[in-house]
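Below you'll find the structure, written out as structure tokens, and then a few comments.
Residue numbers (my numbering), protein chains in the order written: chain A, 3 to 117; chain B, 290 to 404.
This is the structure we're talking about:
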């Protein structure tokens with residue numbers, strides 16, 4: 003158990019809909035990262051927050067947005083969903099930037115299926 | 290831009306045999322390199338990391354990796370594979386910064402272990 007909690011574990015929805023994925027980081031971790039894992043794209047970095055502020059951005063679509071709240075949990079919002087958004091979405095956390103500690107702690111992921 | 294190449298998509302080894310998983314990276318400065326493992330239905334777990342110093346690093350579960358700057362490689366090795374090592378292995382490269390990090394992962398190598 004990494005200490006990172008993601009909900010929901012599975013989600014099935016239709017094209018055009020909007021969903022919210024939630025992540026609770028390990029106790030004390032200030033950084034939260036979102037990754038998308040799909041069969042054709044592999045593990046893609048989406049975005050990172052540190053203590054409520056966006057710190058790094060990757061290949062995140064404009065239809066997607068994220069935020070980190072004062073209690074440090076984070077939400078990833080996916081809107082106008084397309085079939086290609088079907089993937090496993092991972093949240094990870096670390097105390098500070100991953101470069102300092104060298105370790106990201108990953109949740110078990112939220113599997114999104116868009117029909 | 291940083292990138293990671295894992296040339297082997299799938300490797301099968303017999304239990305007790307040695308293992309080497311290849312990883313080549315492209316990075317503009319001193320790389321910070323990682324190997325993560327993903328067991329079925331689980332998130333990623335850090336196996337080992339290289340920041341500086343000794344180019345042969347030891348990790349958990351009996352794994353080791355060797356950093357070779359001249360070859361831009363960071364191959365993962367294990368002298369004797371156990372059936373429980375069957376999983377997907379990801380090499381990653383990232384910068385060393387204070388609060389912002391953007392790890393780039395390879396596409397992964399799936400390891401199958403035959404008994």
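The beta carbon of each residue, even a glycine, is placed where N, CA and C say it ideally should be. On a predicted model such as this, the values are computed, not experimentally measured, just so you know.
Cutoff 7 Å; reference residue i; Cβ partners in own chain excluding five residues on either side
{"i": "residue 375 (chain B)", "result": "400, 401, 402"}
{"i": "residue 372 (chain B)", "result": "304, 402, 404"}
{"i": "residue 62 (chain A)", "result": "48, 49"}
{"i": "residue 10 (chain A)", "result": "112"}
{"i": "residue 70 (chain A)", "result": "34, 51, 54, 76"}
{"i": "residue 59 (chain A)", "result": "49"}
{"i": "residue 56 (chain A)", "result": "49"}
In DSSP terms, what residue i is bridged to
{"i": "residue 107 (chain A)", "result": "A:95"}
{"i": "residue 62 (chain A)", "result": "BP columns for residue 62 (chain A) are empty, so no partner."}
{"i": "residue 36 (chain A)", "result": "A:49, A:93"}
{"i": "residue 11 (chain A)", "result": "Answer by DSSP bridge pairing: none, since residue 11 (chain A) is not bridged."}
{"i": "residue 375 (chain B)", "result": "Residue 375 (chain B) pairs with nothing; no bridge assigned."}
{"i": "residue 369 (chain B)", "result": "Answer is none; residue 369 (chain B) lacks a bridge partner."}
{"i": "residue 403 (chain B)", "result": "B:303"}
{"i": "residue 21 (chain A)", "result": "A:80"}
{"i": "residue 114 (chain A)", "result": "A:13, A:89"}
{"i": "residue 29 (chain A)", "result": "According to DSSP, which records beta bridges pairwise, residue 29 (chain A) is partnered with nothing at all."}
Cut-off 6 Å between Cβ atoms - residues of its own chain near residue i, not counting five sequence neighbours on either side
{"i": "residue 323 (chain B)", "result": "338, 381"}
{"i": "residue 390 (chain B)", "result": "383"}
{"i": "residue 299 (chain B)", "result": "399"}
{"i": "residue 78 (chain A)", "result": "23, 36, 68"}
Contacts around residue i, its chain only, beta-carbon distance under 8 Å, and the 5 residues preceding and following it disregarded
{"i": "residue 327 (chain B)", "result": "333, 334, 376, 377, 378, 379, 397"}
{"i": "residue 15 (chain A)", "result": "21, 83, 114, 115, 116, 117"}
{"i": "residue 352 (chain B)", "result": "324, 336, 337, 365, 366, 367"}
Could you give the uninterrupted runs of the beta strand (DSSP E) lying entirely in the segment 293-365 of chain B, keeping only those of 3 residues or more?
299-303, 308-310, 313-315, 321-327, 333-339, 345-347, 353-357
Inter-stretch contact at 8 Å, needing at least 3 Cβ pairs: the segment 12-23 of chain A / the segment 37-46 of chain A
no
With contact counted as at least three CB pairs below 8 Å, one residue from each stretch, are the segment 352-370 of chain B and the segment 309-316 of chain B in contact?
yes
Compile a chain-ordered list of the residues in the segment 54-69 of chain A whose CB is closer than 7 Å to at least one CB of chain B.
57, 58, 60
Contact residues within the segment 37-54 of chain A, judged by C-beta distance below 7 Å to chain B
44, 45, 47, 50, 52
Residues of the segment 320-331 of chain B in Cβ contact with chain A at a cutoff of 9 Å, in chain order, please.
321, 323, 325, 327, 330, 331
Near-chain A residues of the segment 333-366 of chain B - C-beta to any C-beta below 8 Å:
333, 334, 335, 338, 340
Please name the residues in the segment 79-93 of chain A whose beta-carbon is closer than 8 Å to at least one beta-carbon of chain B, in chain order.
92
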